[in-house]
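What follows is a single structure, written as structure tokens, with notes after it.
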Amino acid sequence: MASIRFIVKGKKNPSHIYVRFYHSKDFDEVSKIRLLINPNHWNNKLQRFKSIAEHIEDKEDITKRLEDLKTSIVSEYNKSEARGELITKQWLDNTVNKFNNRPTDENDTTVFFIPFIDNYIEESNSRINPDTGKPINIKTIRKYKTTSTRLKEFETKHKTKLKHIDIGLEFFTKFVSFLSIDGGYSKTTINKYISQVKMFCNEIKTKGYKYNPEYESRRFYVKRGETLDTYLNKDEIKKIFELEIKDERQDKIRDLFIIGLWTGLRVSDFSEIERLKIVGDNMLISATVKTIAPVKIPLHPQIKTILKKRGGKLPEFELTPKSLENLFNKEIKVICKNADIDEEIIGDLRNKETNRNERGIYAKHLLISSHTCRRSFITNHLNVLPDKAIMTITTHSSPEQLHRYNKKATEDYLEQVREHWEEERKAKLKVI
1 MASIRFIVKG KKNPSHIYVR FYHSKDFDEV SKIRLLINPN HWNNKLQRFK SIAEHIEDKE
61 DITKRLEDLK TSIVSEYNKS EARGELITKQ WLDNTVNKFN NRPTDENDTT VFFIPFIDNY
121 IEESNSRINP DTGKPINIKT IRKYKTTSTR LKEFETKHKT KLKHIDIGLE FFTKFVSFLS
181 IDGGYSKTTI NKYISQVKMF CNEIKTKGYK YNPEYESRRF YVKRGETLDT YLNKDEIKKI
241 FELEIKDERQ DKIRDLFIIG LWTGLRVSDF SEIERLKIVG DNMLISATVK TIAPVKIPLH
301 PQIKTILKKR GGKLPEFELT PKSLENLFNK EIKVICKNAD IDEEIIGDLR NKETNRNERG
361 IYAKHLLISS HTCRRSFITN HLNVLPDKAI MTITTHSSPE QLHRYNKKAT EDYLEQVREH
421 WEEERKAKLK VI
């Protein structure tokens, strides 16, 4: 019959409590628990505090911890027996260390945060996204790696080894401060890092490892900073569409840009051209890169003109998705400059030396990127078409998600105010 008892061996104050695990004649071992107590306050025979310890501040906490350890030892014993593992002195020490969150292996993914993340990243290379049925996107894995790097830098600065149970509000405050002050990152970037940390914590919770529930607090959150994303209005798109371009490759990039501006598709969607097909007055897509749902998009007149020019085919490039995106982002800035998209606006432009976005006043063509397509499509159609009609094309799941893409420039709204006042002025003149 198994027996678990807690004993205090020493007479000095304070002394350690030990756990004795007895199971038949074959196993009778003792392990230090790393809890200190006044030996005069503990009754080894009755397995409880003496009456003179009635007013000891941490009496109830110690009693609760001993009961939890007893339960944990029984649970681990049953698991080990089922697996056919040897029950030894080392097994008892490891079980107690695990309970105390004191593993001997600093790469233990069940306890340490960064080893868990790095293992999760490694598994992501062969994991399937349950939402799309496809392998995890390489960009997503890259984000995981970047977050791991920031956390390793944080560990180095604070000379610590993060455990799952450390990821609480105290960590949150220090990590946000580290990212903001030491890293110089914006609120939007910090928001992304914190979101990744919470995602990893969710995975840890799902696996049943010990975790800190504080990560689920509403205070464990950084509000995104206001982004000044750029979009092109219909007049600007027309200027790009009508621009005379002699260079064949640049002409194909311009046409692809126009198609993106009137479909809201991502450049990554064009990198797998076999999934796109023109049928009548519609573009059919078996599935976009980020969704598994098929999409049907009506063809804008400008797209029809492009297709007619190209014999009914979409522009094709013999490039990898990454190479195509890099070429696209480089060339569309030149194309927009040549189309006189040079209005000076406030925006965020990446500094090549610091690799950080810096807010300033720049010529608009410098701020154009592949993301401009989706932003422009949504912004130009919001309040013109029903949200549901736009969502059918963009595959957004909610109006809230859709409206985050609304990049209507402040100047556009100011122009509406000016027009309203001008109409009022004309109305008054008619009355007079």
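Each residue of the sequence shown is one higher than the one before, starting from 1 at the first, in full-length UniProt numbering.
The beta-carbon is built from N, C-alpha and C at its ideal position, and this holds for glycine as well.
Original post:
Which residue or residues does DSSP assign as beta-bridge partners of Ala82?
Top reply: Taking the sequence shown and counting its residues from 1, one reaches residue 82 at position 82. Answer is none; Ala82 lacks a bridge partner.
**OP:** For Asp28, write down the residues that DSSP places opposite it in a beta bridge.
**Re:** Stepping through the sequence shown from its first residue, residue 28 is reached at position 28. Partner(s): Tyr22.
**OP:** Would you identify the three-state DSSP class for His403, choosing helix, strand or coil?
**Re:** Taking the sequence shown and counting its residues from 1, the one referred to as residue 403 is at position 403. DSSP places His403 in helix when its eight states are reduced to three.
Original post:
Since Met199 sits in a beta bridge, which residues does DSSP pair it with?
Top reply: Translated into the one-based positions of the sequence shown, residue 199 becomes position 199. Answer is none; Met199 lacks a bridge partner.
**OP:** Could you tell me if Gln196 is buried or exposed, where buried requires 16 or more neighbouring beta carbons within 10 angstroms of its beta carbon?
**Re:** Within the sequence shown, numbered from 1, the residue matching residue 196 stands at position 196. Gln196 is buried by the Cβ-count criterion.
Original post:
Which full runs of the beta strand (DSSP E) of 3+ residues lie inside the stretch 93-123, going along the chain?
Top reply: none
Original post:
With 16 as the cutoff for other CB atoms within 10 Å, does Asp229 come out buried or exposed?
Top reply: By 1-based counting over the sequence shown, the position of residue 229 is 229. Buried is the call here.
**OP:** Using the Cα positions of Gly260 and Lys277, report the straight-line distance between them to the nearest angstrom.
**Re:** Along the sequence shown, read from residue 1 onward, the residue named residue 260 stands at position 260. Along the sequence shown, read from residue 1 onward, the residue named residue 277 stands at position 277. Taking the straight line joining both Cα atoms gives about 15 Å.
Original post:
Who are Ser3's beta bridge partners in DSSP?
Top reply: Your numbering for residue 3 matches position 3 in the sequence shown. Ser3 is bridged to Tyr22.
Subject >> Cutoff 6 Å; reference Phe178; Cβ partners in own chain excluding five residues on either side >> reply: In the sequence shown, the residue the question calls residue 178 occupies position 178. Taken in chain order, the residues that qualify are Phe154.
**OP:** For Ile204, name the three-state secondary structure that DSSP assigns.
**Re:** For this step, residue 204 is matched to residue 204 along the sequence shown. Ile204: helix per DSSP, three-state reduction.
Original post:
In chain order, what residues of the same chain have a beta carbon less than 7 Å from the beta carbon of Met283, not counting five sequence neighbours either side?
Top reply: Here residue 283 refers to the residue found at position 283 of the sequence shown. Hits under 7 Å: Thr263, Leu276, Ile297, Leu299.
Original post:
Just how far apart, CA to CA, sit Asn191 and Ile114?
Top reply: One-based indexing of the sequence shown puts residue 191 at position 191. One-based indexing of the sequence shown puts residue 114 at position 114. Computed Cα separation, rounded: 19 Å.
Original post:
When DSSP builds the beta bridges, which residues end up paired with Val8?
Top reply: For the purposes of this step, residue 8 is identified with residue 8 of the sequence shown, where counting begins at 1. According to DSSP, Val8 bridges with Ile17.
**OP:** Give a yes or no on whether the C-beta atoms belonging to Phe49 and His41 are separated by under 7 Å.
**Re:** Looking up residue 49 in the sequence shown gives position 49. Looking up residue 41 in the sequence shown gives position 41. Closer than 7 Å, so yes.
**OP:** Given a cut-off of 7 Å, decide if Lys333 and His371 are closer than it, judged by their beta-carbon atoms.
**Re:** Along the sequence shown, one-based indexing puts residue 371 at 371. Along the sequence shown, one-based indexing puts residue 333 at 333. Between His371 and Lys333, the CB-CB gap reaches or exceeds 7 Å.
Subject >> Whole-angstrom C-beta distance between Phe220 and Lys163, which should lie under 8 Å >> reply: For the purposes of this step, residue 163 is taken as residue 163 along the sequence shown, with counting starting at 1. For the purposes of this step, residue 220 is taken as residue 220 along the sequence shown, with counting starting at 1. The beta-carbon distance between Lys163 and Phe220, rounded to whole angstroms, is 17 Å. This is too long to meet the 8 Å contact definition.
**OP:** Could you tell me whether the stretch 318-335 touches the stretch 247-254, using the rule of 3 or more Cβ pairs below 8 Å?
**Re:** yes
Subject >> Burial state of Leu169 (16 or more Cβ within 10 Å) >> reply: As a position in the sequence shown, residue 169 is number 169, starting the count at 1. Counting Cβ neighbours within 10 Å, Leu169 comes out exposed, since fewer than 16 surround it.
Subject >> Three-state secondary structure assigned by DSSP to Pro298 >> reply: Along the sequence shown, read from residue 1 onward, the residue named residue 298 stands at position 298. Three-state DSSP puts Pro298 in a strand.
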